[in-house]
Amino acid sequence: MKKLSIVIPCYYNEANIPLTYPALLQQAVQPLADTAVEMIFVDDGSGDRTLEELKKVQKQDSRVRIVKLSRNFGEFRAIVAGMSVATGDAIAVMSADLQDPPALIPDMFREWEKGEKVVIAARSGRNEPWLKNFLANTYYRFVRRLVIADYPRKGFDFFVIDRSVANRLVAMQEKNSSIYVQLIWLGYKPKILEYVRQEREKGRSMWTYKKRIDLFIDTFIVFSNKPIRWISAFGFLMSLAGFAAACFLIYDKIVNGVDVAGWTSVICTILILAGVQLIMLGIIGEYMWRNLDESRRRPLYVIDEVIEPQGEKS
1115 MKKLSIVIPC
1125 YYNEANIPLT
1135 YPALLQQAVQ
1145 PLADTAVEMI
1155 FVDDGSGDRT
1165 LEELKKVQKQ
1175 DSRVRIVKLS
1185 RNFGEFRAIV
1195 AGMSVATGDA
1205 IAVMSADLQD
1215 PPALIPDMFR
1225 EWEKGEKVVI
1235 AARSGRNEPW
1245 LKNFLANTYY
1255 RFVRRLVIAD
1265 YPRKGFDFFV
1275 IDRSVANRLV
1285 AMQEKNSSIY
1295 VQLIWLGYKP
1305 KILEYVRQER
1315 EKGRSMWTYK
1325 KRIDLFIDTF
1335 IVFSNKPIRW
1345 ISAFGFLMSL
1355 AGFAAACFLI
1365 YDKIVNGVDV
1375 AGWTSVICTI
1385 LILAGVQLIM
1395 LGIIGEYMWR
1405 NLDESRRRPL
1415 YVIDEVIEPQ
1425 GEKS
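For the sequence shown, the working numbering assigns the number 1115 to the initial residue and increments by one for each residue that follows.
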């Protein structure tokens, strides 16, 4: 009998767990009656009663396993932590807030049984506020243009993958990264099922604008060399422009005897170029910081304990 592991990262999902588990059971687990299923909830250092709610669920169902991280490491690392302890032949990843429908898991699993190694539930639309839609669509447009051309147009964070693919993702151990971009980067041609992402009904999203900006920066620094190339190209163009301006001023002075004037324009030019140089140094610093972070070889996450059914811990 094939086995499916469903990995659900949880962070401040106290209000969602009592709804997520029954929905997962009814829409995903029960339709897969001929399949062994384990549900792995990863508590990513939640500061509310998420862990207590997960323990309540585990008392009802021996198929529930709980991975407790020592602190908040972020969704990407929580997913990798869940994958690292999963025992299934296939692994599904979904969020705990029910914005992604568990009812798609059986369809994705059936596609895996047909031989697909990567099955993605990609968004065809989002029932969310316009600002979130605008920012998300802008981000994915940049990803497709500058990082990976065949990345799903409206993004995804809901998928089923083969055990071998999961092993490769766990082995990568890249910090400051995105597991979704990593998955597409691996090169497996995904089978794509589309759905409309729903607005969150319970609880408050911890996916802040700061985290969105961090993800934006990480994606382009980790997966693309274009920022560095842009710096080089801009520096080259500025050098050409400066050389041309210097030649013109020298010519004007020698031939026409015109005094070089323009204190205001010189100061403005210096200030503008100083700002551009600081931005360039900041971009280079982002690359250097990530290089330092990788070189220290710290673990992606620290698992405090794995709480097995009947209160067993490992």
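C-beta atoms are modelled at their ideal positions from N, C-alpha and C, and glycine is treated no differently.
Closest to Asp-1418 by C-alpha separation, out of Gly-1159, Gly-1396, Ile-1120 and Pro-1266, would be which residue? As a working mapping, residue 1418 is identified with position 304 in the sequence shown. Nearest option by C-alpha distance: Gly-1159.
Can you look up Ile-1497 in the DSSP assignment and give me helix, strand or coil? Nothing in the structure corresponds to residue 1497, since the chain is present only between 1115 and 1428.
Near the ligand NAP: Asn-1130 beta-carbon under 7 Å from a heavy atom: The ligand content of the structure shown is nil, which means the ligand NAP is not present either.
Closest to Asp-1148 by C-alpha separation, out of Pro-1220, Gln-1312 and Val-1295, would be which residue? Mapped onto the sequence shown, residue 1148 falls at position 34. Nearest C-alpha to Asp-1148: Pro-1220.
In angstroms, rounded to a whole number, what distance separates the CA positions of Ala-1280 and Ala-1206? Counting from 1 along the sequence shown, the entry for residue 1280 is found at position 166. Counting from 1 along the sequence shown, the entry for residue 1206 is found at position 92. For Ala-1280 and Ala-1206, the distance between alpha carbons rounds to 10 Å.
At 4 residues or longer, what runs of the alpha helix (DSSP H) sit wholly inside the segment 1274-1312? 1277-1286 and 1293-1299
Output needed for Ala-1195: all residues of its chain with C-beta closer than 7 Å, excluding positions within five of it in sequence on either side, in chain order. Along the sequence shown, one-based indexing puts residue 1195 at 81. The residues are Val-1156, Val-1181, Leu-1183, Tyr-1415 and Ile-1417.
Helix, strand or coil for Lys-1268 per DSSP? In the sequence shown, counting from the first residue as 1, residue 1268 sits at position 154. Residue state, collapsed to three classes: coil.
Spatially closest choice to Pro-1123 from Ala-1150, Ala-1192 and Tyr-1401, by CA coordinates: In the sequence shown, counting from the first residue as 1, residue 1123 sits at position 9. Considering only alpha carbons, the answer is Ala-1192.
Put Met-1352 into one of helix, strand or coil per three-state DSSP. If you number the sequence shown from 1, residue 1352 lands on position 238. Met-1352: helix per DSSP, three-state reduction.
Report the rounded CA-to-CA distance for Pro-1413 versus Glu-1288, giving the unit in angstroms. The residue given as residue 1413 occupies position 299 in the sequence shown. The residue given as residue 1288 occupies position 174 in the sequence shown. Each residue's Cα considered, the two are about 10 Å apart.
Going by DSSP in three states, Pro-1220 sits in which element: helix, strand or coil? Numbered from its first residue, the sequence shown carries residue 1220 at position 106. The answer is helix: DSSP assigns Pro-1220 an H, G or I state.
Decide if Tyr-1265 is buried, meaning its Cβ has at least 16 other Cβ atoms within 10 Å, or exposed. Locating residue 1265 in the sequence shown gives position 151, counting from the first residue. Buried, since its Cβ has 16 or more Cβ neighbours within 10 Å.
I'd like to confirm the pairing. Which residues does DSSP put opposite Leu-1118 in its beta bridges? Position 4 of the sequence shown, counted from the first residue, corresponds to residue 1118. For Leu-1118, which the question treats as bridged, DSSP gives the partners Val-1151 and Ala-1204.
Are the CB atoms of Arg-1404 and Ile-1345 within a distance shorter than 8 Å? Working through the sequence shown from its first residue, we reach residue 1345 at position 231. Working through the sequence shown from its first residue, we reach residue 1404 at position 290. Taking 8 Å as the Cβ cut-off, Ile-1345 and Arg-1404 do not qualify as a contacting pair.
With a 10 Å radius around its C-beta and 16 neighbouring C-beta atoms as the bar for buried, classify Asp-1276 as buried or exposed. Locating residue 1276 in the sequence shown gives position 162, counting from the first residue. The residue in question, Asp-1276, is buried, as its Cβ has 16 or more Cβ neighbours within 10 Å.
Check whether the segment 1252-1265 touches the segment 1226-1235, taking contact to mean three or more Cβ pairs, one atom from each stretch, closer than 8 Å. no
For Arg-1177, collect the residues of the same chain with a Cβ closer than 7 Å to its Cβ; drop the 5 residues on either side in sequence, then sort them by chain order. Position 63 of the sequence shown holds residue 1177. Correct list, in chain order: Val-1151, Glu-1152 and Met-1153.
Look up Val-1143 in the DSSP assignment and say whether it is helix, strand or coil. In the sequence shown, residue 1143 corresponds to position 29, counting from 1. Reduced to three states, the DSSP call for Val-1143 is helix.
Tell me Ile-1180's beta-bridge partners as DSSP assigns them. Reading the sequence shown from its first residue, position 66 is the one you call residue 1180. Looking at the DSSP assignment, Ile-1180 forms a beta bridge with Phe-1155 and Ile-1421.
Status (buried if at least 16 other CB within 10 Å, exposed otherwise) for Thr-1164: Taking the sequence shown and counting its residues from 1, one reaches residue 1164 at position 50. Buried.
Using CA coordinates, which residue listed in Leu-1146, Glu-1128 and Glu-1189 is at the minimum distance from Leu-1168? On the sequence shown, position 54 is the one that residue 1168 refers to. Per the Cα distances, Glu-1128.
Report the residue from Pro-1304, Met-1286, Gly-1356 and Trp-1244 whose alpha carbon sits nearest the alpha carbon of Phe-1270. The residue given as residue 1270 occupies position 156 in the sequence shown. Among Pro-1304, Met-1286, Gly-1356 and Trp-1244, the Cα nearest to that of Phe-1270 belongs to Pro-1304.
In or out: Met-1115 buried (at least 16 other Cβ within 10 Å) or exposed? As a position in the sequence shown, residue 1115 is number 1, starting the count at 1. Exposed, by the Cβ-count rule.
Collapsed DSSP secondary structure at Pro-1215 in the structure displayed: The residue labelled residue 1215 in the question sits at position 101 within the sequence shown. Correct three-state label for Pro-1215: coil.
Could you tell me the distance, in whole angstroms, from the CA atom of Ala-1358 to the CA atom of Thr-1383? Position 244 of the sequence shown, counted from the start, is the residue given in the question as residue 1358. Position 269 of the sequence shown, counted from the start, is the residue given in the question as residue 1383. Cα to Cα, Ala-1358 sits roughly 15 Å from Thr-1383.
Expected contact under 8 Å - CB spacing of Val-1284 and Ser-1353 to nearest Å: The sequence position of residue 1284 within the sequence shown is 170, counting from 1. The sequence position of residue 1353 within the sequence shown is 239, counting from 1. In fact, because the Cβ distance is near 46 Å, the residues do not count as touching under 8 Å.
Residue from Ile-1368, Ile-1234 and Asn-1339 whose Cα sits closest to the Cα of Ile-1397: Numbered from its first residue, the sequence shown carries residue 1397 at position 283. Closest option to Ile-1397, Cα to Cα, is Asn-1339.
Suppose you measure from the CA of Phe-1362 to the CA of Ile-1386; what does that come to, to the nearest Å? What you label residue 1362 is simply residue 248 of the sequence shown in a count that begins at 1. What you label residue 1386 is simply residue 272 of the sequence shown in a count that begins at 1. Cα-Cα distance, rounded: 21 Å.
Other residues of its chain near Ser-1409: CB distance less than 8 Å, five sequence neighbours each side excluded: The residue you call residue 1409 lines up with position 295 of the sequence shown. There are no such residues.
Taking Pro-1132 as part of the alpha helix (DSSP H), name the residues at either end of that continuous run. Translated into positions along the sequence shown, residue 1132 becomes position 18. 1131-1138 is the span of the alpha helix (DSSP H), which, as asked, contains Pro-1132.
Please return the same chain residues whose Cβ sits closer than 7 Å to the Cβ of Ile-1306, not counting the five positions on each side in sequence. In the sequence shown, the residue the question calls residue 1306 occupies position 192. Once the five neighbours on either side are set aside, the close Cβ partners of Ile-1306 are Ile-1234, Ala-1236 and Pro-1266.
Leaving out five residues on either side along the sequence, give the residues of the same chain with a beta carbon under 7 Å from the beta carbon of Leu-1300. Against the sequence shown, residue 1300 aligns to sequence position 186. Excluding residues within five positions, the ones whose Cβ falls inside 7 Å are Val-1279 and Arg-1282.
Spatially closest choice to Val-1420 from Ile-1131, Gln-1172, Tyr-1125 and Pro-1145, by CA coordinates: Position 306 of the sequence shown, counting from 1, holds the residue named residue 1420. That would be Gln-1172, whose Cα lies nearest to the Cα of Val-1420.
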